[in-house]
Ligand code: APR
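Now the structure itself:
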């Protein structure tokens, strides 16, 4: 419990705390992560299904995987960790959530300032002419969905081989450069440039706290504290302490 107290103190003393999240934060919502034993990439080869070149070679095949992902993320809800981050933002403690997830669960959990580093399924565009679409106007009865120009429509999620959307990239860099505390939750920190954000923050003097039941690829010396627990369990403990400290602070 000591670590939870220390972490709650760091949070409440911080001037500008941000969170960086990965697939692990949504595992307790029922979405498997990518690289664990039963993760998505154990069933689908990431380069065969997750790369922009694969999409261009055979959009229908990649869409089969994307539909499975989209159906799953649309069928589940936020868990305690998502709600906790939303609550911390409401309390003024957390200033932003940078997420690699495309599931929209942070927003559903009450967070407003969410930087979707790898895009989302909410919007799509034609891979040929660039015409934008809202996801709800794209029928997925036949795959791939086609634009009026004949090109394949794709979701606005970042595939391997593609860059980070400009707006998300600059907002994330700004948040990483500005924060004095970065909470890294449920990411293997194995995919750049997201994995570089804690290092950027650390070089600017921010403290890095990691919440993950396993070790990630973040260098040990970069992190102040590693809370070895599942995100939902960890945030349940943390929020009890934060709420009691926050109320005491007001009295
Ligand atoms: N709570 C917290 N962390 C968890 C939990 C949990 N309940 N369950 C698993 N984890 C951790 C795992 O230990 C692992 O370190 O979450 C991490 C998930 O790592 P990845 O599967 O690699 O997911 P992520 O880091 O988000 O992947 C980054 O890679 O495939 C691309 O674009 C995709 O955004 C994704 C990116």
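Numbering (the working numbering), first residue to last: 1397 to 1647.
All C-beta atoms in this analysis are idealised placements derived from N, C-alpha and C, irrespective of residue type, glycine included.
Cα-Cα separation between residue i and residue j, rounded to whole angstroms
i, j, result
"residue 1400", "residue 1513", "28 Å"
"residue 1506", "residue 1636", "18 Å"
"residue 1580", "residue 1427", "18 Å"
"residue 1477", "residue 1545", "42 Å"
"residue 1417", "residue 1583", "6 Å"
"residue 1574", "residue 1602", "8 Å"
"residue 1433", "residue 1644", "43 Å"
"residue 1422", "residue 1482", "14 Å"
"residue 1552", "residue 1525", "14 Å"
"residue 1499", "residue 1402", "30 Å"
"residue 1404", "residue 1610", "21 Å"
"residue 1438", "residue 1497", "18 Å"
"residue 1531", "residue 1632", "33 Å"
"residue 1494", "residue 1594", "11 Å"
"residue 1615", "residue 1543", "45 Å"
"residue 1604", "residue 1591", "13 Å"
"residue 1621", "residue 1533", "45 Å"
"residue 1598", "residue 1464", "37 Å"
"residue 1600", "residue 1618", "12 Å"
"residue 1634", "residue 1535", "42 Å"
Supposed close pair residue i, residue j - CB separation, criterion 8 Å
i, j, result
"residue 1547", "residue 1522", "5 Å"
"residue 1411", "residue 1576", "5 Å"
"residue 1516", "residue 1529", "Wrong, their Cβ atoms sit about 13 Å apart, outside the cutoff."
"residue 1424", "residue 1627", "7 Å"
"residue 1408", "residue 1641", "6 Å"
"residue 1612", "residue 1572", "Not quite, the Cβ-Cβ distance comes to about 17 Å (not below 8 Å), so this is no contact."
"residue 1491", "residue 1413", "6 Å"
"residue 1549", "residue 1589", "Rounded, the Cβ-Cβ distance is 26 Å, inconsistent with contact."
Buried or exposed (CB count within 10 angstroms, at least 16 for buried), residue i
i, result
"residue 1563", "exposed"
"residue 1449", "exposed"
"residue 1541", "buried"
"residue 1630", "buried"
"residue 1508", "exposed"
"residue 1538", "exposed"
"residue 1473", "exposed"
"residue 1606", "buried"
"residue 1568", "buried"
"residue 1453", "exposed"
Residue i CB to nearest heavy atom of the ligand FMN below 7 Å
i, result
"residue 1431", "With respect to the ligand FMN, the structure offers nothing, as its ligand set consists of the ligand APR."
Stretch-stretch touch, CB-based, cutoff 8 Å, three pairs: the stretch 1436 to 1445 with the stretch 1453 to 1467: Yes, the stretch 1436 to 1445 touches the stretch 1453 to 1467.
Could you tell me which whole beta strand (DSSP E) segments of length 3 or greater appear in the stretch 1497 to 1535? The stretch 1497 to 1535 contains, as complete beta strand (DSSP E) runs of 3+ residues, the segments 1510 to 1512, 1515 to 1522 and 1528 to 1530 (chain order).
Could you give the uninterrupted runs of the alpha helix (DSSP H) lying entirely in the stretch 1540 to 1589, keeping only those of 4 residues or more? 1562 to 1574, all fully within the stretch 1540 to 1589.
Mind listing, in chain order, the continuous beta strand (DSSP E) runs of no fewer than 3 residues lying wholly within the stretch 1584 to 1624? As far as the stretch 1584 to 1624 is concerned, its whole beta strand (DSSP E) runs of at least 3 residues are 1603 to 1607 and 1621 to 1623.
With a floor of 4 residues, list each alpha helix (DSSP H) that falls wholly inside the stretch 1404 to 1479, ordered by position along the chain. If only complete runs of 4 or more residues are kept, the stretch 1404 to 1479 shows the alpha helix (DSSP H) at 1436 to 1439, 1442 to 1445, 1448 to 1453 and 1455 to 1471, in order along the chain.
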